[in-house]
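Here the structure is laid out as structure tokens; the discussion comes afterwards.
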């Protein structure tokens, strides 16, 4: 359906751009071309989000088997607003990174492409309607961060932070995948909208579902650096390039919090959107304070 392609446009632009600039870099090795091309890709994606926002309502309510994405992705205003945040953070990181790399006497084009891939992973998270899609988005973002954290290979601190981040991140991913397996075993579904209905009706095996939910929350807590899974953050942020540390601690954490929101929205508090909005500002502030501790 044409309206679904309109809704998918920002994701399509970013995924195509990531592959395109990797290929172009392999052929020409032109630093200015790659930098400005990556910048243009992010700006075009940013503008396309405003275009796509006009069409997501037109595909709401269409049967899953009639959609190209088969329900793995969802499209709503809340997701697009987060997309704007992620892309804007990517633009700021890109603009600040060029001079930073030159100051370190290292400017590699792969750095810019990895920012594109990380933003793409964040956008996948914000549009997830399936636990596997959520997992793929988180890991796409995380793999980019692992490389970016140790991008300056001659820096001992950078290499150390990248290794720590990778090993602990892989360990946390194990919890996340194992939890998703338990949730599927308890409900026979991975679609968030279906899981919401099953939770409301109590049509699931409570013991296995609870175990799976706890494991998923542990995996997400690591990505957010929430207490008590935050011990890695100080070493990783200190050893990473400054611009990367800023990107990870803002956009990266925001995307993981959005993943936590999806789990809370559909698996823990499966209310309608109106009822979910009844949480008071003080309750929201309390949750944010606990996560940020």
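Numbering (our numbering), first residue to last: 39 to 331. Glycine is no exception: its CB is placed at the ideal position from the N, C-alpha and C atoms.
Which of helix, strand or coil DSSP assigns to residue i
i: residue 194; result: helix
i: residue 166; result: strand
i: residue 228; result: coil
i: residue 130; result: helix
i: residue 47; result: helix
i: residue 146; result: coil
i: residue 317; result: The pLDDT assigned to residue 317 is 47, lower than 50, so where the model puts this residue is not dependable; a value taken from the coordinates is nonetheless given after this. Of the three classes helix, strand and coil, the one that applies to residue 317 here is coil, per DSSP.
i: residue 55; result: helix
i: residue 265; result: coil
i: residue 175; result: helix
i: residue 116; result: helix
i: residue 223; result: helix
i: residue 124; result: helix
i: residue 204; result: helix
i: residue 188; result: coil
i: residue 212; result: helix
i: residue 241; result: coil
i: residue 158; result: helix
i: residue 183; result: helix
CB contact flag (residue i, residue j, <9 Å)
i: residue 154; j: residue 79; result: yes
i: residue 280; j: residue 138; result: yes
i: residue 274; j: residue 131; result: no
i: residue 62; j: residue 49; result: no
i: residue 214; j: residue 222; result: no
i: residue 250; j: residue 304; result: no
i: residue 255; j: residue 295; result: no
i: residue 93; j: residue 44; result: yes
i: residue 167; j: residue 115; result: no
i: residue 64; j: residue 196; result: no
i: residue 124; j: residue 160; result: yes
i: residue 289; j: residue 85; result: no
i: residue 287; j: residue 271; result: yes
i: residue 236; j: residue 297; result: no
i: residue 242; j: residue 264; result: no
i: residue 56; j: residue 284; result: no
i: residue 113; j: residue 165; result: yes
Element boundaries [alpha helix (DSSP H), containing residue i]
i: residue 269; result: 269 to 277
i: residue 79; result: 69 to 91
i: residue 247; result: 244 to 262
i: residue 293; result: 291 to 301
i: residue 280; result: 280 to 285
Local Cβ density within 10 Å of residue i, reported as buried at 16 or more and exposed below that
i: residue 54; result: exposed
i: residue 310; result: Reliability fails at residue 310, whose pLDDT of 49 lies under 50, so the model's placement of it is uncertain and no value is given.
i: residue 149; result: buried
i: residue 76; result: buried
i: residue 178; result: buried
i: residue 207; result: buried
i: residue 141; result: exposed
i: residue 261; result: buried
i: residue 66; result: exposed
i: residue 205; result: exposed
i: residue 240; result: exposed
i: residue 212; result: exposed
i: residue 147; result: buried
i: residue 306; result: exposed
i: residue 209; result: exposed
Strand pairing of residue i, partner residues [DSSP]
i: residue 111; result: 166
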